[in-house]
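The structure under discussion appears below in the form of structure tokens.
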Amino acid sequence: MSNLFAADLINAEPLWRTIEQPMALKALVATIGVALIILELWWFLRRHGGGVAARESEAGLQEITITVDGGYVPSRIQVKAGRPLRLSFHRMNPSGCLAQVIFPDFHKTLDLPLNATTGLELPATKAGVYPFHCGMNMVRGVLEVVD
Amino acid sequence: MSSTSPSPSCCHATKGPAELADGMERELARERTLLRRKIRVAALLTALVMLSSLPHMLGGGHPSFLPPWFTSPWTQLLLTTPVLFWCGRDFFTGAISAFRQHSADMNTLVAAGTGIAWLTSLFTTLFPQVLIAEGLPADVYYETAAVILTLVLLGRLLEARARGQTSEAIRRLLQLQPPTARVVREGQAVEVPVSLVVVGDLVQVRPGEKVPTDGVVIEGSSWVEESMLTGEPTPIAKASGDTVIGASMNRSGSFTFRVSRIGADTVLAQITDLVRQAQSSRTQVQRLADQVVGWFVPVVIALAIAAFVVWFLISGNAVLAMLFLVSVLVIACPCALGLATPTSIMVASGKGAENGLIFRSAEALETAGKLRTVVLDKTGTLTRGQPEVTDFERLPDGVLPAGTLLALTAALESRSEHPLAEAIVTYARSRLKEGELPSVKGFEAVAGRGLQGSIGGQQVQVGTPRWFEELGIDTAALQPLVERLEVAARSVAVVVVDGRMEACFGVADPLKSTSAGAVAALRRLGLQVVMLSGDARRTADVVAAQVGIKRVIAEVRPADKASVIKRLQEQGEGPVAMVGDGINDAPALAQADVGIAMGSGTDVAIAASDITLISGNLGGVPAAIELSRAAMANIRQNLFFAFAYNVAGIPLAAGLLFPLTGWLLSPMIAGAAMAFSSVSVVSNALRLRRFQPLPLAEASN
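One line per chain: the protein sequences are A and B, in this order.
Following the numbering used here, the numbering of the first sequence begins with 1 at its first residue and continues without gaps.
Following the numbering used here, the numbering of the second sequence begins with 148 at its first residue and continues without gaps.
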């Protein structure tokens with residue numbers, strides 16, 4: 001298992017060798033690389049579209065269903081301040097990390113059984129941004145409370 | 148009500164937290180079984196792939212014992228594909244659905260890393276001549292993809308197992324409740340499931356049994372051990388009228404109690420609920436880690452692409468550049484960053500619950516370790532809060548007979564709920580023959596001063612000497628007496644009838660046996676200890692001296708307690724903790740950076756505090772601070788490790804050191820490092836389970 005360890009890899013001679021590549025190919029690889037980086041950062045880091053607004057029932061209760069499947073769909077939820085809110089999480093992904101959703105600002109943890117919808121009632125809140133995330137803090141969503 | 152048909156209210160009996168947790172537990176167990184099966188398959192196939200790639204690893208020499216068909220790239224392709232796309236299926240589906248959501252996580256890195264290794268190998272398998280034309284060996288890297296995936300799966304299993312242990316304390320709490328209760332129905336004791344017990348039921352408890360739910364003893368007596376809930380080690384005597392808590396252990400006697408709370412209302416349920424709430428909150432440090440995690444994966448992907456481009460430009464060797472790309476992708480571990488604080492908080496708050504310390508939020512746990520000043524309320528915190536009258540002295544001006552005076556005083560004091568008033572009423576009643584007290588008109592309580600009212604045409608006032616000074620009554624005759632009582636740590640209450648000083652009471656509130664030890668422990672932890680009291684300065688000084696407190700703020704009215712805390716904070720002595728019994732101290736508890744309430748053991752409904760000590764034992768305060776410091780140190784280690792690991796690992800994987808040292812990290816080693824970095828973080832958090840508060844030095848009295 002010689003290439004498992006660092007220095008030995010140099011001895012695996014044919015792999016570690018310099019090959020003269022035409023300038024055009026180098027330029028092409030560099031351009032594609034930079035383009036990929038920009039595209040990837042744009043895709044993951046830029047905010048795409050606004051939040052999805054919650055429905056409002058006649059009783060003034062705001063409701064929205066969130067599908068949990070590798071991420072929260074929608075992951076950015078817009079609700080109005082000062083009205084109670086009911087979030088329904090429908091979990092479809094078996095990953096154990098998604099089995100819990102945590103709202104740190106509300107001190108709430110909700111267990112989400114697989115292939116079922118679980119409701120969470122939140123009290124009326126002040127305007128602000130309240131993040132929520134999965135049990136391992138990898139999958140995230142945001143609750144945007146606006147006036 | 149018959150014993151067979153539950154009353155309607157039973158049906159509402161809230162589903163115990165234990166049952167809910169059970170469902171999740173089963174799901175987690177199922178998931179772990181599936182994971183284990185996948186790991187077994189992955190390990191077997193990976194071992195075969197490694198054997199098959201042996202000639203390539205050995206650098207060309209072909210071991211004679213392996214048939215050529217076995218070492219062919221096609222065999223390796225056949226063996227590796229199920230490892231990636233069956234055993235590792237979740238990584239790919241997870242990565243794809245995350246990608247659609249514009250998010251990237253652990254799955255993205257693993258899927259991209261192994262996927263790229265597999266794809267390039269597939270290319271080589273299909274078109275080996277392309278590489279050969281370039282002057283490169285047509286090597287495949289199937290074994291790299293398989294090994295990484297197997298290691299990551301293994302890491303995930305170890306991590307899941309360790310994470311299960313972080314919530315062990317809560318699980319243990321939930322398991323404390325016995326499954327059945329012996330309920331008296333129609334004169335007969337019947338064994339029924341605890342979920343069918345209703346408020347008002349009579350329940351029998353025999354020696355060695357656990358108390359099934361909360362209630363009040365109506366018959367019999369016993370010693371009950373509440374240590375699992377309050378951390379209080381010694382058993383407590385229970386007799387008729389005393390409250391018992393569900394899940395506590397009955398030692399010697401038998402008794403019957405009337406059920407007062409069931410299901411989600413019980414002390415046990417409230418404790419587990421509070422702990423779960425704390426575990427759902429987050430610390431300030433975590434906010435920072437969270438922000439980093441949000442950026443982390445996209446940045447790592449960018450770095451990996453950059454590594455590929457740079458190495459291609461330097462060497463023109465696409466295969467080598469690909470290996471660097473894969474290494475960077477699989478070495479990065481955002482999980483370790485994400486897990487660093489929550490796991491420590493989970494373990495620490497569970498550990499606190501085991502010791503009767505309930506942290507209401509992660510922030511309380513965080514701040515408690517940074518405290519510089521601890522303010523202790525005297526009554527009920529340092530002392531037992533059950534004062535007794537020790538002296539009853541007539542004054543020279545007095546004209547009324549003792550009996551009349553005691554009746555007047557008791558009549559007035561019985562209208563107040565102040566502990567001092569209760570002590571005086573108890574004392575007066577024990578000395579009076581008839582039970583009827585005269586009626587009071589125009590009753591008024593002057594906060595921090597005393598009480599007044601008119602009884603049978605006489606204006607009666609009972610209060611502090613300072614109050615009467617303020618009212619312009621000449622208290623000179625009182626001074627020697629007050630001095631004597633106050634030096635003996637007694638509080639003084641003067642009785643004034645129609646402006647005449649008639650008598651005075653000396654009331655003592657004995658210290659708790661643990662107070663001196665706890666104060667010493669706090670000082671050992673480097674904290675400034677301040678005593679806050681509404682008593683006269685001399686009395687307060689004497690009590691403070693007995694427990695070893697140097698700084699006393701005396702003669703503080705209940706309403707001013709919060710402003711005293713505020714002043715300390717403004718003087719830069721913060722963060723300040725306030726320890727009180729949570730009734731009249733609520734504003735001060737809320738003002739303090741950390742409000743610590745002494746629970747009575749049965750009453751957990753303490754809203755204004757950040758930390759609740761279930762037992763009334765002051766030793767919980769230093770223990771909470773020690774636990775907080777241990778937890779924060781643990782979090783710092785975790786964060787440091789997680790940051791340092793990524794900061795050191797990524798450049799190493801990108802080959803930054805290669806030109807200098809010739810060090811090159813194999814992608815397989817990178818995968819192993821990643822898999823075990825998050826396991827290490829969780830394991831480090833689990834070390835907190837061994838936390839033990841230092842024992843208090845033996846109390847001076």
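Every residue gets a Cβ at the ideal spot worked out from N, C-alpha and C, and that includes glycine.
- In this chain, the alpha helix (DSSP H) harbouring residue 685 of chain B covers 684-694.
- One thing to note: residue 487 of chain B has its Cβ no nearer than 9 angstroms to the Cβ of residue 777 of chain B.
- Partner residues in the beta bridge of residue 132 of chain A, as assigned by DSSP, are A:141.
- Of all C-beta pairs linking the segment 335-348 of chain B to the segment 302-314 of chain B, fewer than three are shorter than 8 angstroms, placing the two stretches out of contact.
- Within chain B, the C-beta atoms nearer than 7 angstroms to that of residue 95 of chain A come from 237 and 241, in chain order.
- Taking CB atoms only, residue 426 of chain B has a neighbour in chain A less than 9 angstroms away.
- Out of A:37, A:100 and A:147, the CA that lies nearest to the CA of residue 69 of chain A is found in A:100.
- Distance from the Cα of residue 365 of chain B is smallest, within the candidate group B:551, B:374, B:387 and B:376, for B:387.
- Between residue 67 of chain A and residue 93 of chain A, the alpha-carbon positions lie close to 9 angstroms from each other.
- For residue 420 of chain B, no chain A residue has a C-beta closer than 8 angstroms to its own C-beta; the minimum C-beta separation is roughly 10 angstroms.
- Going by DSSP, residue 369 of chain B is part of the beta strand (DSSP E) stretching over 369-372.
- Linking residue 255 of chain B to residue 800 of chain B through their CA atoms gives a straight-line distance of about 18 angstroms.
- Membership of residue 111 of chain A in the beta strand (DSSP E) is indicated by the continuous run 108-111.
- Going by DSSP, residue 708 of chain B is part of the alpha helix (DSSP H) stretching over 708-717.
- Residue 352 of chain B places its beta carbon less than 9 angstroms from that of residue 369 of chain B.
- The C-alpha of residue 817 of chain B is placed about 8 angstroms away from the C-alpha of residue 479 of chain B.
- Identification of chain A residues near residue 623 of chain B by a Cβ-Cβ cut-off of 8 angstroms yields none; the smallest Cβ-Cβ distance measures about 57 angstroms.
- Our two residues, residue 757 of chain B and residue 779 of chain B, have alpha carbons roughly 17 angstroms apart in a direct line.
- Among the CB atoms of chain B, one or more fall inside 9 angstroms of the CB of residue 109 of chain A.
- DSSP, reduced to helix, strand and coil, places residue 492 of chain B within a helical segment of the structure shown.
- By the C-beta density criterion, residue 133 of chain A is buried, having at least 16 other C-beta atoms within 10 angstroms.
- Distance between residue 660 of chain B and residue 691 of chain B, taken at the CA atoms: about 14 angstroms.
- The three-state reading of DSSP puts residue 91 of chain A in strand, counting E and B together.
- The Cβ atoms of residue 520 of chain B and residue 765 of chain B lie no closer than 9 angstroms to each other.
- Counting only residues of its own chain and dropping the five nearest sequence neighbours on each side, residue 61 of chain A has a CB closer than 8 angstroms to the CB of 83, 84, 85 and 86.
- Here residue 510 of chain B is buried. Its C-beta has 16 or more other C-beta atoms within 10 Å.
- Between residue 105 of chain A and residue 131 of chain A, the C-beta spacing is below 9 angstroms.
- With contacts defined as CB atoms closer than 9 angstroms, residue 826 of chain B and residue 305 of chain B qualify as a contacting pair.
- Of all residues in the segment 44-59 of chain A, only 44, 45 and 48 come within less than 7 angstroms of chain B when Cβ atoms are compared, listed by chain position.
- Contact annotation, residue 33 of chain A with residue 455 of chain B: C-beta distance approximately 7 angstroms; criterion of less than 8 angstroms satisfied.
- Under the 10 Å beta carbon count, residue 284 of chain B is surrounded by 16 or more other beta carbons and is classified as buried.
- When 8 angstroms is used as the limit between beta carbons, residue 21 of chain A is near these residues of chain B: 459 and 463, in chain order.
- Neighbours of residue 26 of chain A in chain B, taken as residues whose beta carbon is under 8 angstroms from its own, are 459, 460 and 463 in chain order.
- The segment 490-509 of chain B makes contact with the segment 418-426 of chain B, as at least three CB pairs between them are under 8 angstroms.
- Contact between residue 129 of chain A and residue 80 of chain A is ruled out by a C-beta separation of about 14 angstroms, above the 8 angstroms threshold.
- Per the coordinates, the alpha-carbon of residue 175 of chain B lies some 7 angstroms from the alpha-carbon of residue 96 of chain A.
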